[in-house]
Structure formats: structure tokens, C-alpha cells
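In my numbering, the protein residues as written are 190 to 342. By construction, the Cβ of each residue, glycine as well, lies at the ideal position given by its N, Cα and C atoms. Fair warning: this is a prediction, and the values are worked out from it, not measured in the lab.
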């Protein structure tokens with residue numbers, strides 16, 4: 190690869206360029222990368238090309254938290270949206286929350302609890318009885334979706 194620059198003029202003028210790759214007669218990516226890298230070195234004020242740092246001479250970084258800016262928040266306050274579309278043709282601004290309450294009755298359902306009383310007498314006892322027995326002392330808390338079991342938020 191060969192690049193000739195005339196640094197006597199401001200801005201610097203590219204006099205000649207060539208590369209041994211197949212696109213070397215025209216403008217290849219190797220030459221573009223070299224020009225960008227040299228412009229970066231000039232911008233940073235380097236007089237020579239800096240030596241590459243090995244991973245053992247760099248400071249360790251595993252103790253730095255990656256979650257800076259992420260804070261815990263309540264589920265009720267969370268908004269689920271996708272980023273705005275790049276094109277102006279889209280009418281929708283984002284995805285709206287599709288959470289809904291599939292069951293409109295009270296929690297726990299009295300009919301389910303009544304069936305649990307009937308199942309208690311069956312031996313051997315079905316496994317569903319253990320789940321239904323835990324619903325008797327269920328603590329409900331208010332949310333914007335109505336009362337929900339404690340711990341669901």
C-alpha cells in the first residue's frame with residue numbers, strides 16, 4: 190500500500206494512492222482506513238504512531254459496574270415501548286401495553302375454593318389441593334390492574 194500526501198498545503202492534499210489488493214487501482218478500504226487513522230492521530234496530537242497496549246499492561250476493568258443508569262422501579266410505573274420508527278410513514282409511535290385482566294371475577298374465585306373443600310376428603314389427596322390450600326391466606330395488594338396477590342408486583 191502506498192499513499193502520498195502533500196502536507197505543504199492546508200488542507201493536506203492526497204497526491205497518489207495505490208494498494209496491492211484487487212480494488213487497489215481505485216479507492217480501497219485499506220487506503221480509507223489508513224487515511225482515517227492518520228486523521229485521528231493528527232486530531233489527537235500524536236507525533237508518532239502509539240505502540241499498542243497489551244491486555245496485561247491495561248488496567249483491570251471487571252470491577253466496574255455495567256448497569257450504571259439502571260435503577261429499580263415498580264412494575265406499575267414501567268412503560269413498554271419500542272423505539273420510534275426511522276421512516277415517517279409509520280402511524281404508530283410505539284407498542285402499547287397489552288396487559289389485561291383475563292379473569293374479571295374476584296381473586297381467589299369462590300367456586301374454586303368450594304371445589305377445594307370437596308377435594309380434601311378424597312384419599313389419596315390430589316396435588317391441586319396443596320395449591321388451593323395456600324389460596325386461603327392470600328394477601329392482595331392494589332395495583333393499576335386491580336387487586337393482585339402480594340409479590341406479583
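Closest Cα partner of residue i within the set the options
i	options	result
residue 187	244, 243, 226	Only positions 190 to 342 of the chain appear in this structure, which leaves residue 187 out of reach.
residue 209	201, 266, 218	218
residue 296	330, 306, 228	330
residue 341	251, 254, 263, 272	263
residue 239	324, 247, 230	230
residue 324	316, 302, 315, 307	302
Residue i - partner residues in DSSP beta bridges
i	result
residue 250	Note: residue 250 sits in no beta bridge, so no partner.
residue 156	What the structure shows of the chain is the stretch from 190 to 342, and residue 156 is not part of that stretch, so it cannot be assessed.
residue 338	329
Rounded Cβ spacing between residue i and residue j (contact assumed at less than 8 Å)
i	j	result
residue 192	residue 220	6 Å
residue 305	residue 327	Their Cβ separation, rounded to whole angstroms, is 12 Å, which puts residue 305 and residue 327 out of contact at 8 Å.
residue 224	residue 190	Wrong, their Cβ atoms sit about 11 Å apart, outside the cutoff.
Any 3 or more C-beta pairs closer than 8 Å across the stretch 298-317 and the stretch 328-340:
no
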